[in-house]
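Every letter in the sequence shown is one number past the one before it in our numbering, and letter 196, counting from 1, is 221.
Positions of the beta carbon are idealized from the N, C-alpha and C atoms, including for glycine.
Data first, discussion second: the structure below is written as structure tokens.
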Amino acid sequence: MNHYYQQASFLQSATTRKTMPMESGLEIAFAGRSNAGKSSVINRVCSQKSLARTSKTPGRTQLINFFQLPDANFLVDLPGYGYAKVPEAIKLEWQKFIESYLTQRNTLRGMVLVMDIRHPMTDYDQAMLRWAQNRMLPVHVLLNKSDKLTRGAGMNVLLQVRKMLAESGIASVQMFSALKQQGLDECWDVLDKWLGKDVITTQSEV
């Protein structure tokens, strides 16, 4: 359990840029296809059962949800993509909203991209990576649901995705299981680095 992330609390939801909180502190966005288990990942990272609400109908929400950390930093839950059975015009609006956040939010320091390890690097995932690459935004890929594969099969997927990401120069990748609590320490280390928490920890140990 990580006490810092455990203190995350819901602040507000936004449907437009005007309804987002004022830019202060640093932000890390969580993105992913709607059935990749993104909400479960956020809940596991924060050691809370229902911080990010999971839905029986993935992809329905069009909200960007802001969770505040104790020092005014934020974890940001972006709308899931690629699954909702809604009109194409609405999907395009969601896409524009997400893109505007990723490309124009000055306090954004990194993006955690959640993928189902059994179906990685979909067209939607690659679109998110392109947006991040255009902005030179660091990305950390979580290959979630790794408990669904054997260790050997999971490692094969990890190596394949790592090879595909090598050209971007901005993305790292790991296996993760929100269900089995696997990969938490590695994920926390990445978040700490983006938020400068690793620097604070190192200085306190000197």
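- Across the structure, proline 145 and alanine 97 are spaced so that their CA atoms are roughly 33 Å apart.
- Glycine 50 and isoleucine 89 have their alpha carbons spaced roughly 17 Å apart.
- One Cα belongs to leucine 94, the other to valine 66, and the distance between them is close to 16 Å.
- Nearest Cα to glycine 62 within the set Ala203, Lys173, Trp213: Ala203.
- The segment 152-164 and the segment 173-185 do not touch, with fewer than 3 CB-CB distances between them shorter than 8 Å.
- The Cβ-Cβ distance between leucine 103 and phenylalanine 55 falls below 8 Å.
- Residue range 209-220 is occupied by the alpha helix (DSSP H) that includes glutamate 211, with no beta strand (DSSP E) assigned at that position.
- By alpha-carbon distance to serine 59, the top candidate from Leu138, Leu100, Gly105 is Gly105.
- Counting along the chain, leucine 138 sits inside no alpha helix (DSSP H); it lies in the beta strand (DSSP E) bounded by residues 133-141.
- Measuring C-alpha to C-alpha distances from glutamine 207 to each of Ser197, Asn131, Ser171, Met189 identifies Ser171 as the nearest.
- Boundaries of the alpha helix (DSSP H) harbouring phenylalanine 122: 113-129, taken from the DSSP string.
- Glutamine 93: member of the beta strand (DSSP E) spanning 89-93, first to last residue.
- For the 8 Å CB-CB criterion, aspartate 210 and aspartate 217 do not form a contact.
- Here methionine 189 carries a helix assignment [DSSP, helix/strand/coil].
- Annotation: the continuous alpha helix (DSSP H) that includes isoleucine 67 extends over 63-70.
- Remark: C-beta atoms of glycine 194 and proline 163 do not approach each other more closely than 8 Å.
- Sixteen is the threshold: when 16 or more other Cβ atoms of the shown chains lie within 10 Å of the Cβ of asparagine 169, as they do, the residue is buried.
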